[in-house]
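Protein chains in written order, with our numbering: chain A, 1057 to 1590; chain B, 1057 to 1590.
Just so you know, even glycine gets a beta-carbon here, dropped at the ideal spot from N, CA and C.
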């Protein structure tokens, strides 16, 4: 317990007893730090994934290249059992080139990107603009008969926004204190929204525009400042979109929409989108690689990050950064020649951007099965209407073998701590593991539950999956999924720090006498509270 | 003096005696406020200048259109003596279309804009990239013989920067207090830099690249985040550039530069720039319009803003905003049917972005002449080596007639006060004039000297020229000369407030019993201090 007592972090959660204490091999950590700071290859890895390969849409040629290159890197570094683990995904899609241009009332090049999985325009197409905001199928009636031969602007133009906060920031001590919040679940009746509404509407809109004979649909970027995203759906083999779609910079979109309101300066829009579909292999692949364990090789610990990205830029902070950190942790541990008790596994997920499909496929194949959909009684349970969150859960044989999973997917900011996901038994262990890195800014164990990335489905089946807390930098403000998510905005010092901590956590988890404490297996949830208005 | 005593501004500069007091016709100001808030046309004007006409490069077809349209607006509003006042400028230039694309090691559309006054590429050109940073002619030797048939990247790639401050901000009370600083001149020997160095280097670089047979030159945007500018020189008829030049988004430029350092993934760049030169009329035109004076019609007061802009976007906050405010002030005063003692003149300047040429031409023609260059003795005086700042000054007959000039050219932020440009005698008058607008946020008279826009040359010849203090918003942070300077980022409430204050200042200055106090005519400056190291 000595180490804990000398920790000076203002927000240290003290271990309440020896159960939480874990031996940390500080000599090994010295070696990890030396490898990670003085012999780092994390930026070389990140540069290859971004500058060389570029945006890595699931099942695109770029993602295939990334799968091969990362697997080869793992092999070159001496990892074992390097493999591409397939799961059913759908078609790939890639952009060859595109352009957008206003030709009336004056000529102007516009900033645009094809929307993912929409088809090519087959050359340059040109047409009048109709501003026809549609967000549900109920909006179609208003525009029926008015869209033939038109460029349909489907977003409602907003007033825009000005950035009144600093886009780039690091967590303050106060932020970190506030981060330690236990997410107490509500048992109020869940909102009755359909989680698939967005996808369904995208299909309906595509069909409606086809029926109406629209030339193309155009969406406004959700961010100002000329930034683009191009995210979309339509990758499933039974879901083929037929109307070309482009996203325009918000400023360009609003200019068109304003001009469309004039009497004598109606705009004409010219679009060109040349894209390719890739259907030769509809499997996506998670890349897995191991450092085999010795004494307890049946058990394993795991680090993961998603390798796939969107394509408006090079998928740098989302998530070449996390992928490079996971790979660098593997390289560091191999370079040090560690022989861990438990196996250490590294995972580069695919299909994350479309629904965490890669990590979900791993859970399904190796950790637990779920009750199928369609059972009326089960469907009626709260939060039980999609397969992803489905009770009951049937653990697979390997369920207990995965001792801990650590995810990294919040940009290139350094690690400031870890979300314990409500696991109060694991928290003091993490505090112990973080202590050697307090002076690098990693201090905080939060009880918080984090979401939207690849540890989520492990948590839902009772496997200890965790996501680190990172400095946000300008991830959310301007980089996430945007046209400037390139190598330029990754921070080398931050990624080196993250790789060191990732490697140390893996080694600690692999060598600890006791496996990391687990949460109870999720079972049928409590019924909703009796009164919706209480 | 009553009005001054009830002023509540924390930073009010109290008038020291009745000399500073000016009668303010508050009934007229009520009328101005009603017109400006309840019957405003400022955003309609701004929309036409930006959405309809677009970027207004001096002598481009768009600027010609703007000259005609603004003159017609003045006429339609009933202004007198509306005229286009010519001055020698040079050729116009406009973009028809352009594109940039990386074709190796992978295909990628890039964000680019032709650099102003560089020629077309004559179709798509393609070549290898050479990163050859050059900032003086001394750098040429290193690259001689290495640029033939190449795309020459002339900027030194930097590490980029992350925005750690809020881009959009308003002035705080503290900012305003700090703004009241008298710029005490230094009489140290001026730095020996050549003010024309940048222009000379641009010419030398163009000639060098021609000699070497380079395909094109490529510059890195000075801002991150995918923003572009495209500013350039080469408009004088004796200065024709021969090498096409493009500016690339910083992220795109750095990616090329990084790939150029690899052994096996050298990039190939494809550029297309279709531009037009306009040499049929090499005069630029200031648009002038008057509300004739009555009792003192030989004297006049004046408001001005530059109508020309750069072309990466629509020249909205720089400076359709200021132009629309000046025009709106004219409209308001005409709508109220004011009959001022002195004439009120409105000026929309051209050629501001290339060197304040329009307002300088006005000064030269109507206010004062300067000693020509080439006199060794005069050339030896400090700050006397360019014509623009040249002593001695010979006032023209009309020098005394211009009683006050008010400029607006700092974006679309509302007016928070005015820079008195060291004129301590005018300051209490301004404080008096601002008082009715304190509750709209306009409170501050600063002794500060401001620069870089069209009041500057009036000040240098002893005519009282002033620039208002405006909330900065995101003018400097991301809009100034950039590809997102469009209508979207102008603030309607701010521009309406500015137009009201501009109109009131003009009416006050036109009707005051005494003309605004003047500064002494600038004469031969004091010699530099004796020791450069003191």
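Whole-angstrom C-beta distance between residue j and residue i, which should lie under 8 Å
i: residue 1525 of chain A; j: residue 1474 of chain A; result: 6 Å
i: residue 1236 of chain B; j: residue 1575 of chain B; result: About 18 Å separates the two Cβ atoms, so there is no contact after all.
i: residue 1130 of chain B; j: residue 1340 of chain B; result: The pair is not a contact, with the Cβ atoms about 18 Å apart (cut-off 8 Å).
i: residue 1446 of chain B; j: residue 1427 of chain B; result: 5 Å
i: residue 1174 of chain B; j: residue 1297 of chain B; result: 5 Å
i: residue 1284 of chain B; j: residue 1157 of chain B; result: Not quite, the Cβ-Cβ distance comes to about 15 Å (not below 8 Å), so this is no contact.
i: residue 1468 of chain B; j: residue 1550 of chain B; result: 5 Å
i: residue 1203 of chain B; j: residue 1265 of chain B; result: 7 Å
i: residue 1334 of chain B; j: residue 1147 of chain B; result: 6 Å
DSSP beta-bridge partners of residue i
i: residue 1186 of chain B; result: B:1208
i: residue 1575 of chain A; result: Per DSSP, none; premise fails for residue 1575 of chain A.
i: residue 1144 of chain B; result: B:1339
i: residue 1326 of chain A; result: A:1157 and A:1182
i: residue 1426 of chain A; result: A:1449
i: residue 1033 of chain B; result: Missing from the structure shown is residue 1033 of chain B; chain B here goes from 1057 to 1590 and no further.
i: residue 1170 of chain A; result: A:1302
i: residue 1274 of chain B; result: B:1209 and B:1302
i: residue 1475 of chain B; result: B:1502 and B:1523
i: residue 1087 of chain B; result: In DSSP, residue 1087 of chain B forms no bridge with anything.
Proximity test, Cβ basis, 8 Å: residue i and chain B
i: residue 1529 of chain A; result: yes
i: residue 1277 of chain A; result: no
i: residue 1110 of chain A; result: yes
i: residue 1303 of chain A; result: no
i: residue 1446 of chain A; result: no
i: residue 1061 of chain A; result: Reliability of the predicted coordinates at residue 1061 of chain A is poor, the pLDDT of 35 falling under 50, and the value obtained from them is presented with this limitation in mind. No, residue 1061 of chain A lies away from the interface with chain B (no Cβ there is under 8 Å from its Cβ).
i: residue 1107 of chain A; result: yes
i: residue 1539 of chain A; result: yes
i: residue 1289 of chain A; result: no
i: residue 1165 of chain A; result: yes
i: residue 1079 of chain A; result: no
i: residue 1458 of chain A; result: no
i: residue 1179 of chain A; result: no
i: residue 1155 of chain A; result: yes
Cβ-based burial, residue i [other Cβ within 10 Å; buried from 16]
i: residue 1180 of chain A; result: exposed
i: residue 1319 of chain A; result: exposed
i: residue 1517 of chain B; result: buried
i: residue 1496 of chain A; result: buried
i: residue 1170 of chain A; result: buried
i: residue 1366 of chain B; result: buried
i: residue 1240 of chain B; result: exposed
i: residue 1078 of chain B; result: For residue 1078 of chain B, the predicted model reports a pLDDT of 49, less than 50, meaning its position is unreliable and no value from the coordinates is stated.
i: residue 1069 of chain A; result: Reliability fails at residue 1069 of chain A, whose pLDDT of 38 lies under 50, so the model's placement of it is uncertain and the value that follows must be treated cautiously. Residue 1069 of chain A is buried by the Cβ-count criterion.
i: residue 1095 of chain B; result: exposed
i: residue 1128 of chain A; result: exposed
i: residue 1220 of chain A; result: exposed
Test: residue i CB closer than 8 Å to a CB of chain A
i: residue 1555 of chain B; result: no
i: residue 1542 of chain B; result: yes
i: residue 1221 of chain B; result: yes
i: residue 1321 of chain B; result: yes
i: residue 1152 of chain B; result: yes
i: residue 1103 of chain B; result: yes
i: residue 1224 of chain B; result: yes
i: residue 1415 of chain B; result: no
i: residue 1583 of chain B; result: no
i: residue 1586 of chain B; result: no
i: residue 1310 of chain B; result: yes
Interface partners of residue i on chain D, CB under 7 Å
i: residue 1363 of chain A; result: Reference to chain D is not applicable here, since the protein chains of this structure are A and B.
Quick check: the region 1250-1265 of chain A against the region 1285-1300 of chain A, are there 3 or more CB pairs under 8 Å? Yes, since at least three Cβ pairs between the region 1250-1265 of chain A and the region 1285-1300 of chain A fall closer than 8 Å, the two stretches touch.
Stretch pair the region 1406-1420 of chain B + the region 1381-1394 of chain B: three plus CB contacts closer than 8 Å: no
Okay, do the region 1559-1570 of chain A and the region 1121-1139 of chain A touch, 3+ Cβ pairs below 8 Å being the bar? no
Cβ pair count under 8 Å reaching 3, the region 1091-1111 of chain B against the region 1298-1317 of chain B: no
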